[in-house]
Amino acid sequence: MASLSFQHVYKKYDGGVVAVSDFNLEVADKEFIILVGPSGCGKSTTLRMLAGLEDISEGEIYIEDRLINDVLPKDRDIAMVFQNYALYPHMTVRENMAFSLKLKKMPKDEIARRVDEAAKILEIEHLLDRKPKALSGGQRQRVALGRAIVRDPKVFLMDEPLSNLDAKLRVQMRVEITKLHHKLKTTFIYVTHDQTEAMTMGTRIVVMKDGFIQQVDSPTELYDNPKNTFVAGFIGMPPMNFINATLNVEGSDVYISFENINIKLPERYAVDEIMARDGQEVIFGVRPEAITDEATFVSDHPEASFAADVDVVEMLGAETYLYVTVNAALPLTCRVDPTTSQSAVGEQVDLAIDTSRIHIFDKDTEAAIVS
Amino acid sequence: MEEIKKCVKQAKVILSKELGVMDVSGLIIAATEPELEDTVDMSARAVLKTADLFSCTSDKTYMKVIVGDQTKYIAYIEGTDTQTRTYLELIAEWIKTASKAKGTDAERQMFTKNVLLENELPGDIPLKAREYGIECNVPRLVLVARTSKERGADALEILQNFYPDETVASIFAMDESTTIIVMNAKDAVLNEDTKNEFIRATSQSVVDCLGNESISVYVGVGSFVASYQYLAKSYRDAMLALRVGKVFGKNSYVSRYDMLGLGRLIYQLPATLCHMFIEEVFPSEAYATLDEDTLDTIDCFFKNNLNGSETARELYVHRNTLVYRLDKVKKNTGLDLRSFDDAVLFKMASMVRTYLEYLDSGKDGNQIR
């Protein structure tokens, strides 16, 4: 159990490449932090700096109150789990879990106690005498987690540990790891490029791009109030619709216009930041679920409705995705309720935007003006 | 050593008695009680002084293990009765056999080392390989794993456990920080895709396997060779990949010889020639006038094969911003990166510059904490 502190951490390589820039983060004890972002954004490098597998170019990293910049990796009291299980094939599960403790020359009875305890937590007691080739993918992943647990580390680091598993197993293991975090009550730092994993597992998410932190927030905050178009587009599937639009102010009313459509914004948008942008271009962000074809909603909100041509309908069971085009120019994705949606391919459909759930971003900086 | 430890462990399971083996200085090298390992048994001197094969204390029996005409080890066991003495005799025989087997392993490793270092005559290699039970005409790939000196022994032990089957991979230490992995690549050389996947999976496994034990590693990957005779080439390539990769590879723990590209060429150029080239391409330190944003832009522009729209999209900048930055590069360096020839020249010159910086820094490219 430990808190972590990253203070102005940089990773610079010879030749001037900066992989991580001014990384600042305070992680509370027992938190489950997710580092998420596209490949090359610096998330794994950050994790490796914390683990000591990578030197820190600038800045300081603390575990509890101990500065660990110059502490050897093996002395940092950290355990890491990778995508690759890297199990020893000729050893049993028990021997695999005990191996790192044997390297540390820990007494046998203590090793046995720790292995039994970890096996109990992971519910793999019945597998202890099997060899890795006799295990399924999920079971191997559990053994890899077990190897980390036996070390009794202050911090668990996981670098895309579920990427090797098939989709179904990944969902199952996601739940298992979340449960494990509750059981162990230890700090977890988890790296993934999968936003679903990030949203479902973490207490807080750090979104990274090009070595910079874009936003640190809870999953709900990230989804509802993204700070810029990158975060807005990265979090959520299907991604948020981005529309080049213009703000128009008429008296105390604010309109957003695109493709000859004028949408009246609710009163809460009549604020200085918006009013000052009369006539200016902005990026209008709408999540797919904020666009609906439900007849009652459309008729109740004429100020936010428009027509579109349906190109594709994807029925997923619990929800339906409509891929539509507005005025033969603007493609949009909508997530609608399959029990009420009547939309069919090739037809024109009336849609309405739920203006209480929209986002407006600055065209140049791409930062949120008002969410 | 491992074989002796194994004997001791198995003997304990069979006999349910505490026992161990020490060297002639009394240092216990294997014991059923792990806390005794690496400690010194003071009785060793007395045991060696007597002419008898067996010696006893109040609770232990000692026996000299003689290999050839020399006492190599002293074995001991709990108890002093005649049955215990018989057990000890059997254990001593077991240890002798194990040591002999270990010798063969060591010799095989020494032979492989000599092949890698080109200390064997090419004509002798297939004959000797047969003697050591090594299949000669099997495709192989050499990987070099470089760790810190402090963790080199651990890395060796971990990798030997990760690849326990000699027919899959042969693992041994070249020096205290370098572990050599000679992979059997029989199933990998079907086509380019299988080769790529084999290299990717193997090198990533090595990095992750050592990372699991908090060991930082750089891996150099050589080229596939068709026979044991050419193993030295794969090793040379792997070492070169490791060195060149550290100069140009930046954010990478794995350097592949087949992907070194221009770096391989530049690494072999003399420094004076590099200085002359830089002076011609970037006169008056023109490169130094480019700021970080511009350099990132150039990097991304090259990665996207000089595609402006794609670069602008990836950098989240307007196309005009990109054009402005490229114009700035042209103004400062005289090179228009939209032209293929200029782009090639810039790329080469910036790599030569990186190489010179590496030479000036005087760093050992393979230093690892």
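Line by line, the protein sequences are chains V and L.
Each residue of the first sequence is one higher than the last, beginning at 1333 in the numbering used here.
Each residue of the second sequence is one higher than the last, beginning at 78 in the numbering used here.
Ideal Cβ positions, reconstructed from N, Cα and C, are used throughout, including at glycine.
For a test of the three-state rule: what should DSSP assign to L:Y150, helix, strand or coil? Secondary structure at L:Y150: strand, using DSSP grouped into helix, strand and coil.
Starting from the C-beta of V:N1356, find all residues in its chain whose C-beta is less than 8 Å away, skip the five residues before and the five after it, and write them out in chain order. The residues are F1338, Q1339, H1340, V1341, I1545.
With which residues is V:K1541 paired in a DSSP beta bridge? Partner(s): V:F1544.
What is the DSSP secondary structure of L:Q186, counted as helix, strand or coil? In this structure, L:Q186 counts as helix in the three-state DSSP scheme.
Of the residues that make up the stretch 1404-1418 of chain V, which ones have a beta carbon closer than 9 Å to any beta carbon in chain L? Hits within the stretch, in order: L1404, P1405, K1406, D1407, R1408, I1410, A1411, M1412, V1413, F1414, Q1415, N1416, Y1417, A1418.
Which residues mark the beginning and the end of the beta strand (DSSP E) in which V:D1491 is found? In the DSSP assignment, V:D1491 falls within the beta strand (DSSP E) that extends over 1487-1491.
If you reduce the DSSP assignment to three classes, tell me which class V:R1720 lands in. This structure cannot speak to residue 1720 of chain V, because chain V is shown only from 1333 to 1703.
Could you tell me whether the Cβ atoms of L:Y435 and L:V296 are closer together than 8 Å? In terms of Cβ geometry, L:Y435 and L:V296 do not form a close pair [threshold 8 Å].
Neighbour-count burial assignment, L:F417, 16 or more Cβ in a 10 Å radius: Label assigned to L:F417: exposed.
Count the CB pairs spanning the stretch 1634-1653 of chain V and the stretch 1602-1618 of chain V that are closer than 8 Å, and state whether there are at least three. As far as the Cβ criterion goes, the stretch 1634-1653 of chain V does not touch the stretch 1602-1618 of chain V, which means the pair count is below three.
Check the Cβ-Cβ distances between L:K179 and every residue of chain V, and say whether any is below 8 Å. In this prediction, L:K179 scores a pLDDT of 49, lower than 50, which makes its location untrustworthy; the coordinate-derived value is nonetheless stated afterwards. Chain V contact via Cβ: absent.
Could you name the residues of chain L that V:S1432 contacts, counting a contact when the two beta carbons are closer than 8 Å? Going along chain L in sequence order, the residues near V:S1432 (Cβ under 8 Å) are N289, E290.
Which residue's Cα is closest to the Cα of L:R228: L:N382, L:R185, L:F239, L:L287? Each of L:N382, L:R185, L:F239, L:L287 was checked against the Cα of L:R228, and the nearest Cα belongs to L:L287.
How far does the alpha helix (DSSP H) with V:I1552 in it extend, from its first residue to its last? Position check: residue 1552 of chain V holds Thr in this sequence, whereas Ile was assumed. Unbroken alpha helix (DSSP H) run through V:T1552: 1551-1556.
Is the shortest distance between the beta-carbon of V:K1362 and the beta-carbons of chain L less than 8 Å? No, no contact with chain L.
CB contact below 8 Å: V:Y1420 versus chain L: Judged by the 8 Å Cβ criterion, V:Y1420 is in contact with chain L.
Test item: CB-CB of L:F249 and L:Q186 under 8 Å: It is a contact, given that the beta carbons lie within the stated cut-off.
Assigned exposure category for L:E290 - 16 Cβ within 10 Å defines buried: Classification for L:E290: buried.
Once you ignore the five residues that flank L:H395 on each side, which residues in its own chain have a CB closer than 8 Å to its CB? For L:H395, where only same-chain residues beyond five positions count, the Cβ hits under 8 Å are A389.
Express the C-alpha separation of V:E1553 and V:T1687 in angstroms, rounding to a whole number. The alpha-carbon separation between V:T1687 and V:E1553 amounts to approximately 18 Å.
Taking the CB atoms as reference points, tell me whether V:F1590 and V:I1575 lie closer together than 8 Å. In terms of Cβ geometry, V:F1590 and V:I1575 form a close pair [threshold 8 Å].
Report back the beta-carbon spacing between V:K1559 and V:A1699 to the nearest angstrom; my notes put them in contact at under 8 Å. For V:K1559 against V:A1699, the beta-carbon gap comes to about 6 Å, under 8 Å, which counts as contact.
Let's see if you can read the secondary structure: which residues bound the alpha helix (DSSP H) around L:F423? Looking at the DSSP string, the run of the alpha helix (DSSP H) that includes L:F423 is 417-438.
Taking the alpha-carbon positions, what's the V:T1378 to L:P203 distance? Rounded to the nearest angstrom, the two C-alpha atoms are 48 Å apart.
Hey, is L:F239's beta-carbon within less than 8 Å of any beta-carbon in chain V? Interface criterion met: the Cβ of L:F239 is under 8 Å from a Cβ in chain V.
Cβ-Cβ separation, V:V1656 to V:V1642 (assumed contact under 8 Å), whole Å: Between V:V1656 and V:V1642 the Cβ distance is about 5 Å, and since that is below 8 Å, they are a contact.
Measure from the alpha carbon of L:D242 to the alpha carbon of each residue in V:K1452, V:P1421, V:K1436, V:G1384, then state which is nearest. Comparing Cα positions, the closest option is V:P1421.
Closest residue to L:V85 among L:Y164, L:G200, L:L317 (Cα-Cα distance): Among L:Y164, L:G200, L:L317, the Cα nearest to that of L:V85 belongs to L:Y164.
On the premise that V:R1483 lies in contact with V:L1494, defined as a C-beta separation below 8 Å, what is that separation, rounded to the nearest angstrom? Incorrect: roughly 20 Å between the Cβ atoms, too far for contact.
If contact means a Cβ-Cβ distance below 9 Å, which residues of the stretch 210-244 of chain L contact chain V? Flagged, chain order: S225, E227, R228, D231, E234, I235, N238, F239, Y240, P241, D242.
Please specify which runs of the alpha helix (DSSP H), each continuous and at least 4 residues long, are wholly inside the stretch 262-337 of chain L, giving them in chain order. Fully enclosed alpha helix (DSSP H) runs of 4 or longer: 269-289, 308-325.
Within 8 Å, strictly: CB atoms of V:F1414 and L:D285: Yes, the pair counts as a contact, with Cβ atoms nearer than the cut-off.
Would the stretch 1444-1453 of chain V count as touching the stretch 1385-1399 of chain V if we require 3 or more Cβ pairs under 8 Å? No, they do not touch.
Cβ contact (3+ pairs, closer than 8 Å) linking the stretch 254-274 of chain L and the stretch 215-222 of chain L: With a cut-off of 8 Å, the stretch 215-222 of chain L and the stretch 254-274 of chain L count as touching, because enough Cβ pairs lie within range.
Using a Cβ-Cβ cut-off of 8 Å, state whether V:M1423 counts as contacting chain L. True, the Cβ-Cβ gap to chain L drops below 8 Å.
Could you name the residues of the stretch 268-282 of chain L whose beta carbon sits closer than 7 Å to any beta carbon of chain V, in the order they occur along the chain? The residues in question are Q281, S282.
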